[in-house]
Ligand code: FAD
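Residue numbers (my numbering): 847 to 1375.
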C-alpha cells in the first residue's frame, strides 16, 4: 500500500448519501473545488431506504414543527420541477372511522385533552381537517391539488378498505426515487467539477496548518490516497458520531439517536394509484404506496438501533407490526406470504431529550467546529430527503466566510440530469420516444423515461433496431441500459444496478440476476470517471 495521488480541495465531504451529494452539487456549482468519498455505493446508507416521499410531514404539525413543515412543503414543488422524471405528485387517502381509535400522545392531543377531557387524547375529525388546511396553506402550492374531505365509495371493486370506512380526507405530497436522486445529484456535482469517489472510505483525517489531511482507502484495491482540504464536511448520516470519534479522533460529542425504520413490499394490494395514510392505535402512522407498477410499499417502523456494523434488515416483528397495521384497515388480509421484499434504514436523529422516537424532530442541525478557523469541520446531524437542497444551502451559509469568491445560491431553478422538462410534459416525452424508436415496447419506454428522463434520448442515440440494444436479460432490461449506468452512474456491482439505479431486482428471476452479475463483472471497465 502506498500514499499517492495528492490532491487539494476547498471542501472534502465524507459520505455519499443525499446530504453529502447535495452539498457537493451545491458547492461545486458555486465554483469550489470539491471531493467526496463514499465507503460503499452512492446512496447505499439511509438514502435508499426511505419512504421515498417529498413531503411536508403532516404528522409533524402535531409536534408544532411549523418551521420544518413549512420549509418541506415549499420544497416539494421546487424539487418536483427540477426532477419531473424521478418525482411525481401523489394523492393520499386518510380513512376515518369511529371504529378505530385515533389516539396520540402528541403535544397537540395533550393540550386538547385539557380543554376537552372527553376527547381523551384522540385526533377528532375536525382537528385533522384543520391540520390539512394548515398543510395546504403553509408552504404555498401551484402544482399540487389541495386537500379535501371525502366520502369513500365502499361498494367499488377498487376500494380495499373495510366497509366501515365511509369518510376521510385526501391530500397531496410527492413521490421521489430516493436512490436515483442521490445518483443524479452526484452526476450533476461531477459535471460541475466535483470528484466523486464511491467505494472509498475515509480512514483518517488530521488537522494541519490550514485545513485537513484526509486519508482515503479504496475498499476494492485497498490503495490509500491522501487529500488536502480547507474545510472537512462530515455528512456520514448515522455514522456521524463514529466518524467524529474514530476517524477524526475528536472528543466532541453531540447527542444522536439512531432509529431503525423498515418497509415491506407486497404484491399489489389494490388497483388504483392513490396511497393510504393509516393512523394506528399506537398513535403512529403507516403509508401504503403503489410501487413499481406491480407492488405495494408499506412502512415504516421505529425501533431503537445500536450496531452500525451489523446486518440491517426488517425483523420478523417489524413485518408482523406492518401487516397487522394494514390488516386493521384493508378487507383482504395480507400475510407474510404476500411479502416479496423488505428493507431497513437508520434515521440519524439529532436529539437533546429523552422524547419518544416519534417525537424527536426530523429537522437537521449543522455543527461547525471552527478550530480557530484553521481546520474547520462541519458535522451534519439529521436531515430529510425533502430538505436536502435547503440543507446544502444552509451548510454553505455556515462556511461562506471561508470562501469569499464562491458563487450565489443557484440550485432552486436548476434541473437534475434528465429532468429538463415541465412536470406535465412527461407523457409527451414518452410518446415522442415511442414514435422515434418504434421498435421499443411501451413498458421499456415508460421505465426509461421514469429513470433517466431526457437522457433516454442520449442512451438510445445510434439505436436503430431492437438488435442494437444488446443482450436481453428479461423484464425489459437490455445491455445498453447497464452500459449507461456503468459509464455514467458509477455502477460497479450488480446490487448497485439491481437495487439502487433501478429496482429490477424485484422483477428478475435468480437466473436472470446471475446473468446481470456476470455482465457487470465483465464490463465494469466501461466506467468513464
Ligand atoms: P446516509 O444516506 O446514510 O449517507 C451517509 C453515508 O456516509 C453512507 O452512505 C455511508 O456509507 C457513508 N459513510 C459513513 N462513514 C464513512 C466513511 N468513513 N467514509 C466514507 N463514507 C462513509 N426523508 C424524507 O424526506 N422523506 C421520506 O419519505 C423519508 N422516509 C424515511 C424513512 C425511513 C425508514 C428512514 C430511516 C428515513 C427516512 N427519511 C425520509 C429520512 C432520510 O432518508 C434521511 O434523512 C437521509 O437519507 C439521510 O441521508 P444522509 O446522507 O445523511 O445519510
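Ideal Cβ positions, reconstructed from N, Cα and C, are used throughout, including at glycine. The structure presented is a predicted model; accordingly, all values stated were derived computationally and were not measured.
Check your understanding: Can you tell which of 1006, 855, 1365 and 928 has its C-alpha closest to the C-alpha of residue 1175?
Key -> For the residues 1006, 855, 1365 and 928, the minimum Cα distance to residue 1175 belongs to 1006.
Practice item. Return the chain-ordered list of same chain residues with a C-beta closer than 7 Å to the C-beta of residue 1370, the five sequence neighbours on each side being excluded. Key: Within the same chain, residue 1370 has close Cβ partners 1332 and 1338.
Review point. Would DSSP call residue 866 helix, strand or coil?
Key: Three-state result, residue 866: helix.
Exercise for review: Check whether the region 1031-1046 touches the region 859-873, counting contact only when three or more Cβ pairs, one atom from each stretch, lie closer than 8 Å.
Suggested key: The region 1031-1046, when compared against the region 859-873, does touch it at the 8 Å Cβ threshold.
Practice item. Check whether the Cβ of residue 1047 lies closer than 7 Å to any heavy atom of the ligand FAD, and answer yes or no. Key: At least one heavy atom of the ligand FAD sits closer than 7 Å to the Cβ of residue 1047.
Exercise for review: Examine the Cβ distances between the region 920-932 and the region 1218-1228 and report whether three or more of them are shorter than 8 Å.
Suggested key: No contact exists between the region 920-932 and the region 1218-1228.
Review point. Mapping DSSP to helix, strand and coil, what is residue 1296?
Key: DSSP, reduced to helix, strand and coil, places residue 1296 within a helical segment of the structure shown.
Exercise for review: Reducing DSSP to helix, strand and coil, say where residue 1139 ends up.
Suggested key: Residue 1139 carries a coil assignment under DSSP once its states are collapsed to helix, strand and coil.
Exercise for review: With a 10 Å radius around its C-beta and 16 neighbouring C-beta atoms as the bar for buried, classify residue 912 as buried or exposed.
Suggested key: Flag for residue 912 reads exposed.
Practice item. Could you tell me if residue 1084 is buried or exposed, where buried requires 16 or more neighbouring beta carbons within 10 angstroms of its beta carbon? Key: Burial call: buried.
Exercise for review: Let me know the secondary structure DSSP gives residue 1265 once reduced to three states.
Suggested key: When secondary structure is reduced to three states using DSSP, residue 1265 falls in the coil class, being assigned neither helix nor strand.
Review point. Taking the alpha carbon of residue 1162 as the point to measure from, which residue in 1187, 1177 and 1130 has its own alpha carbon closest?
Key: Taking each of 1187, 1177 and 1130 in turn and checking the Cα distance to residue 1162, the smallest one comes out for 1187.
Review point. Roughly how many angstroms lie between the CA atoms of residue 1050 and residue 1072, to the nearest whole one?
Key: Just so you know, the alpha carbons of residue 1050 and residue 1072 end up roughly 10 Å apart.
Exercise for review: Whole angstroms is fine: what's the gap from residue 1231's alpha carbon to residue 915's?
Suggested key: Roughly 13 Å separates the two Cα atoms.
Check your understanding: Alpha carbon to alpha carbon, what distance is there between residue 1258 and residue 1183?
Key -> Going by the C-alpha atoms only, they are around 44 Å apart.
Exercise for review: Give me the Cα-Cα distance between residue 1287 and residue 1280, rounded to the nearest whole angstrom.
Suggested key: Roughly 8 Å separates the two Cα atoms.
Review point. Start and end of the alpha helix (DSSP H) containing residue 1164?
Key: DSSP places residue 1164 in the uninterrupted alpha helix (DSSP H) bounded by 1162-1173.
Exercise for review: Check the DSSP bridge columns for residue 1043 and list the partner residues they point to.
Suggested key: 883.
Practice item. Reducing DSSP to helix, strand and coil, say where residue 1145 ends up. Key: It is a strand residue.
**Study point:** When 1289, 1132 and 892 are compared against residue 1086, the one with the closest alpha-carbon
**Key:** The shortest CA-to-CA distance from residue 1086 to any of 1289, 1132 and 892 is the one to 892.
Check your understanding: Could you give the C-beta distance for residue 1249 and residue 856, rounded to a whole number, given that I count them as a contact under 8 Å?
Key -> Taking C-beta atoms under 8 Å as the contact rule, residue 1249 and residue 856 qualify, at a distance of about 6 Å.
Review point. Are residue 1301 and residue 1044 touching if we call contact CB-CB under 8 Å?
Key: Not closer than 8 Å, so no.
Point to revise | Buried or exposed (CB count within 10 angstroms, at least 16 for buried), residue 1284 | key: Classification of residue 1284: exposed, given that the 10 Å Cβ count is below 16.
Exercise for review: Excluding the 5 residues preceding and the 5 following residue 884 in the sequence, name in chain order all residues of the same chain whose CB lies nearer than 6 Å to its CB.
Suggested key: Answer for residue 884: 862 and 1044, listed in chain order.
Point to revise | Per DSSP, cross-strand counterpart(s) of residue 1190 | key: BP columns for residue 1190 point to 1108.
**Study point:** Residue from 1096, 971 and 931 whose Cα sits closest to the Cα of residue 1024
**Key:** Closest option to residue 1024, Cα to Cα, is 931.
Practice item. Take residue 1326 and list the residues in its own chain whose beta-carbon comes closer than 6 Å to its own, dropping the five residues that flank it on each side. Key: Same-chain partners within the cutoff: 1315 and 1316.
**Study point:** Residues near residue 851 in its chain [Cβ-Cβ closer than 6 Å; skip 5 each side]
**Key:** For residue 851, the predicted model reports a pLDDT of 46, less than 50, meaning its position is unreliable and no value from the coordinates is stated.
Practice item. Determine the direct distance from the alpha carbon of residue 973 to that of residue 1167, and round the result to whole angstroms. Key: Whole-angstrom Cα-Cα distance: 27 Å.
Review point. What separation, rounded to the nearest whole angstrom, lies between the Cα atoms of residue 1015 and residue 1140?
Key: So the two alpha carbons sit approximately 25 Å from each other.
Practice item. Determine the DSSP secondary structure at residue 1095, reduced to helix, strand or coil. Key: In this structure, residue 1095 counts as coil in the three-state DSSP scheme.
Exercise for review: List in chain order: all unbroken alpha helix (DSSP H) runs of 4+ residues lying wholly within the region 1017-1090.
Suggested key: The region 1017-1090 is shown to contain whole alpha helix (DSSP H) runs of 4 or more residues at 1024-1037, in chain order.
Check your understanding: Does the beta-carbon distance from residue 993 to residue 981 come in below 8 Å?
Key -> It is a contact, given that the beta carbons lie within the stated cut-off.
Exercise for review: Report yes if the C-beta of residue 1085 is less than 7 Å from at least one heavy atom of the ligand FAD; otherwise report no.
Suggested key: Because some heavy atom of the ligand FAD lies under 7 Å away, the Cβ of residue 1085 counts as near it: yes.
Point to revise | Chain-order list of residues whose beta-carbon lies under 7 Å from that of residue 1350 (same chain, five-residue window excluded) | key: By the criterion of a C-beta distance shorter than 7 Å, residue 1350 is surrounded in its chain by 1321, 1323 and 1344, once the five residues flanking it on both sides are discounted.
Check your understanding: Who are the near neighbours of residue 864 in its chain, counting only those whose CB is closer than 6 Å to its CB and skipping five residues on each side?
Key -> Excluding sequence positions up to five before and after residue 864, its CB lies within less than 6 Å of the CB of 893, 1028, 1231 and 1234, all in the same chain and listed in chain order.
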